[in-house]
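Numbering (our numbering), first residue to last: 165 to 508.
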Ligand code: PLP
């Protein structure tokens with residue numbers, strides 16, 4: 165049997181048209197977009213065309229987007245860039261945020277965990293969807309604060325609304341774009357300054373733009389609506405799988421079961437079992453799944469995204485995350501259910 169991949173929240177295969185756009189760019193548009201000669205100007209034209217296309221899909225102005233190499237980088241540029249103007253005031257942050265977001269916040273004088281909103285709060289940071297549980301979150305209303313949204317997991321899976329935030333980040337490799345492609349969106353007029361200076365990206369992110377990755381991202385964005393509806397239709401299969409698992413009466417819990425969640429994600433709490441061991445057994449049986457965030461795999465630390473919900477460290481170590489690719493088929497999900505039944 166071919167291997168079956170249920171770790172879409174870690175990364176998904178790039179869309180074939182993204183691969184082709186990248187290949188073409190490497191052959192034809194390899195020149196430096198900053199160069200003033202004809203080759204460079206052609207690369208610049210392609211770059212700006214991609215920016216316009218992606219901006220239109222997000223409903224923002226092209227000049228508000230900064231191309232980055234990962235959502236991690238975008239979050240660092242964003243949070244560190246707000247710090248000079250705002251860092252001496254408190255930030256209110258969702259405690260289940262990805263480490264990519266929590267790490268740059270270490271410089272801030274005070275970080276409060278939402279729902280606490282301290283007096284004089286300068287910025288509020290809330291992810292749209294959690295990578296480990298798939299739980300969807302609403303941006304808290306904090307008058308006067310810069311509202312930062314991490315859309316890395318939501319993009320391509322559910323509609324993304326930028327009307328309730330001032331800055332957001334997006335990751336390409338979670339939605340059919342290539343690794344090395346990501347976006348930072350900044351509403352004009354934010355008290356933000358560049359921390360990686362250079363002439364590129366309107367002086368907001370120095371470094372020669374990775375045109376193949378950017379053109380690959382634009383190609384993936386052309387298929388975003390289709391991807392989103394494929395993801396939406398996964399909910400029936402995902403809920404069916406969860407109903408079957410719960411029907412085994414083995415004390416398994418679905419984290420966030422009754423909360424709005426990404427349609428492709430199921431975080432299973434296998435009480436009394438070690439999540440890493442179940443993941444390894446599934447791997448040997450031909451299934452790629454994850455325990456918590458891929459960025460933490462291999463680390464023995466229990467996932468803070470789970471403990472934040474009130475679960476113990478022991479329980480957090482018993483979680484296995486299933487995240488379906490948009491084109492997952494019923495037979496594949498049935499095979500996964502059978503393997504889980506054998507191994508839990
Ligand atoms: N934010 C969230 C919610 C994520 O799930 C991830 C990656 O798993 C990131 C940020 C970082 O994204 P990237 O891999 O593009 O750095």
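All residues carry an ideal CB built from backbone N, CA and C; glycine is no exception.
Would you check whether ligand 1 has a heavy atom nearer than 8 Å to the C-beta of residue i?
| i | result |
| --- | --- |
| residue 428 | no |
| residue 333 | yes |
| residue 443 | no |
| residue 188 | no |
| residue 320 | no |
| residue 317 | yes |
| residue 173 | yes |
| residue 377 | no |
| residue 239 | yes |
| residue 234 | yes |
| residue 346 | yes |
| residue 336 | yes |
| residue 468 | no |
| residue 264 | yes |
| residue 314 | yes |
| residue 291 | yes |
| residue 395 | no |
| residue 267 | no |
| residue 294 | yes |
Tell me the rounded alpha-carbon separation between residue i and residue j.
| i | j | result |
| --- | --- | --- |
| residue 525 | residue 341 | Residue coverage of the chain in this structure runs from 165 to 508, which leaves residue 525 outside it and unanswerable. |
| residue 380 | residue 391 | 15 Å |
| residue 284 | residue 254 | 7 Å |
| residue 482 | residue 334 | 29 Å |
| residue 239 | residue 265 | 6 Å |
| residue 356 | residue 250 | 9 Å |
| residue 303 | residue 286 | 15 Å |
| residue 223 | residue 448 | 44 Å |
| residue 436 | residue 454 | 17 Å |
| residue 331 | residue 477 | 33 Å |
| residue 403 | residue 271 | 41 Å |
| residue 442 | residue 430 | 15 Å |
| residue 377 | residue 188 | 11 Å |
| residue 233 | residue 345 | 5 Å |
| residue 140 | residue 214 | This structure does not reach residue 140, given that the chain is present from 165 up to 508, and the question cannot be answered. |
| residue 267 | residue 299 | 22 Å |
| residue 417 | residue 480 | 12 Å |
| residue 178 | residue 413 | 38 Å |
| residue 410 | residue 444 | 22 Å |
| residue 318 | residue 501 | 25 Å |
| residue 434 | residue 419 | 10 Å |
| residue 421 | residue 221 | 31 Å |
| residue 184 | residue 337 | 15 Å |
| residue 473 | residue 291 | 15 Å |
| residue 261 | residue 196 | 36 Å |
| residue 316 | residue 219 | 16 Å |
| residue 186 | residue 173 | 22 Å |
Is the CB-CB distance between residue i and residue j below 9 Å?
| i | j | result |
| --- | --- | --- |
| residue 293 | residue 275 | no |
| residue 216 | residue 226 | yes |
| residue 194 | residue 207 | yes |
| residue 394 | residue 494 | no |
| residue 360 | residue 246 | no |
| residue 439 | residue 484 | yes |
| residue 230 | residue 366 | yes |
| residue 487 | residue 171 | yes |
| residue 362 | residue 370 | yes |
| residue 312 | residue 243 | yes |
| residue 469 | residue 295 | yes |
| residue 347 | residue 368 | no |
| residue 339 | residue 388 | yes |
| residue 507 | residue 446 | yes |
| residue 492 | residue 398 | yes |
| residue 309 | residue 322 | no |
| residue 364 | residue 200 | no |
| residue 168 | residue 450 | yes |
By DSSP's criteria, residue i is part of a beta bridge. Which residues make up the other side?
| i | result |
| --- | --- |
| residue 311 | 288 |
| residue 250 | Per DSSP, none; premise fails for residue 250. |
| residue 417 | 433 |
| residue 488 | Bridge partners of residue 488: none, in fact. |
| residue 206 | Partner(s): none; residue 206 has no beta bridge. |
| residue 231 | 347 |
| residue 276 | 256 |
| residue 264 | Paired residue(s): none; residue 264 is not in a bridge. |
| residue 182 | According to DSSP, residue 182 bridges with nothing at all. |
| residue 483 | 433 |
| residue 144 | Nothing about residue 144 can be read from this structure; the chain reaches only from 165 to 508. |
| residue 470 | DSSP lists no partner for residue 470. |
| residue 451 | 168 |
| residue 425 | 299 |
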